[in-house]
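Visitor: Below is the structure I would like to discuss, written out as structure tokens.
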Amino acid sequence: MGTPAILFVCLGTICRSPLAEAAFRDAADKAGLDAEADSAGTADYHVGSPPDPRSVEEASKHGIDISGYAGRQLVVEDFHRFTHIFAMDHQNLRNIEALRPEGSRAHVSLLMDLVPGREGAAIADPYHDGEEQFGATWEDVDAAARALVERLAEPS
């Protein structure tokens, strides 16, 4: 299969998807898994912007610095560059599928589909909620990241 290339996608790429990217990178590093990871948004609201300060703070609680991440928008080329594209919720999954070109190689699904018992669940957008919601978002993306690393590390 080669090196897995994973893209995490939310709406504005400042809350959920950077946290998912960080959790995945951390889990992959700890497992010795060679993989590429990035995050993007389906909207162009925060292109070039750093993650929300609450996301940066949440990641730092887990020993991860995401302050250097920069928001970007999902583009058609991503469907050929990445092996997996994970949406944080159903609306973004629909947005991803609407952009998906014919013949793309990427496997597209909800991120929480990886977590047994959470299939079909969305990761709540913490942007308009309190800081405690960022902790809940981390718990979701971390569980999914660990499940993804376990799946990718399995011999094929």
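Under UniProt numbering, the first residue of the sequence shown is numbered 1, with each subsequent residue one higher. Every residue, glycine too, gets a C-beta built ideally from N, C-alpha and C. None of these values were measured; they are calculated from a predicted model.
For Leu99, which residues in the same chain have their Cβ closer than 7 Å to its Cβ, ignoring the five residues on either side in sequence?
Guide: The residue labelled residue 99 in the question sits at position 99 within the sequence shown. So the list reads Leu74 and Val76, once near-sequence residues are dropped.
Visitor: What would DSSP say about Gly135, mapped onto helix, strand or coil?
Guide: Translated into the one-based positions of the sequence shown, residue 135 becomes position 135. In the structure shown, Gly135 sits in a helix (DSSP, three-state: H, G or I).
Visitor: Would the beta-carbon of Gly71 fall within 8 Å of that of Gly41?
Guide: Residue 71 sits at position 71 when you count from the first residue of the sequence shown. Residue 41 sits at position 41 when you count from the first residue of the sequence shown. Yes, the Cβ-Cβ distance between Gly71 and Gly41 is below 8 Å.
Visitor: Less than 8 Å between the beta carbons of Arg16 and Thr137, yes or no?
Guide: Counted from its first residue, the sequence shown places residue 16 at position 16. Counted from its first residue, the sequence shown places residue 137 at position 137. Taking 8 Å as the Cβ cut-off, Arg16 and Thr137 qualify as a contacting pair.
Visitor: If you check the beta carbons only, do Val141 and Leu19 fall under 8 Å apart?
Guide: On the sequence shown, residue 141 is found 141 positions in, with the first residue counted as 1. On the sequence shown, residue 19 is found 19 positions in, with the first residue counted as 1. In contact: Val141 and Leu19 (Cβ atoms closer than 8 Å).
Visitor: Once you ignore the five residues that flank Glu119 on each side, which residues in its own chain have a CB closer than 6 Å to its CB?
Guide: Here residue 119 corresponds to residue number 119 of the sequence shown, with the count starting at 1. Excluding sequence neighbours, Glu119 sits near Asp113.
Visitor: Would you decide whether Thr3 is buried or exposed? Buried here means 16 or more other CB atoms lie within 10 Å of its CB.
Guide: Against the sequence shown, residue 3 aligns to sequence position 3. The residue in question, Thr3, is exposed, as its Cβ has fewer than 16 Cβ neighbours within 10 Å.
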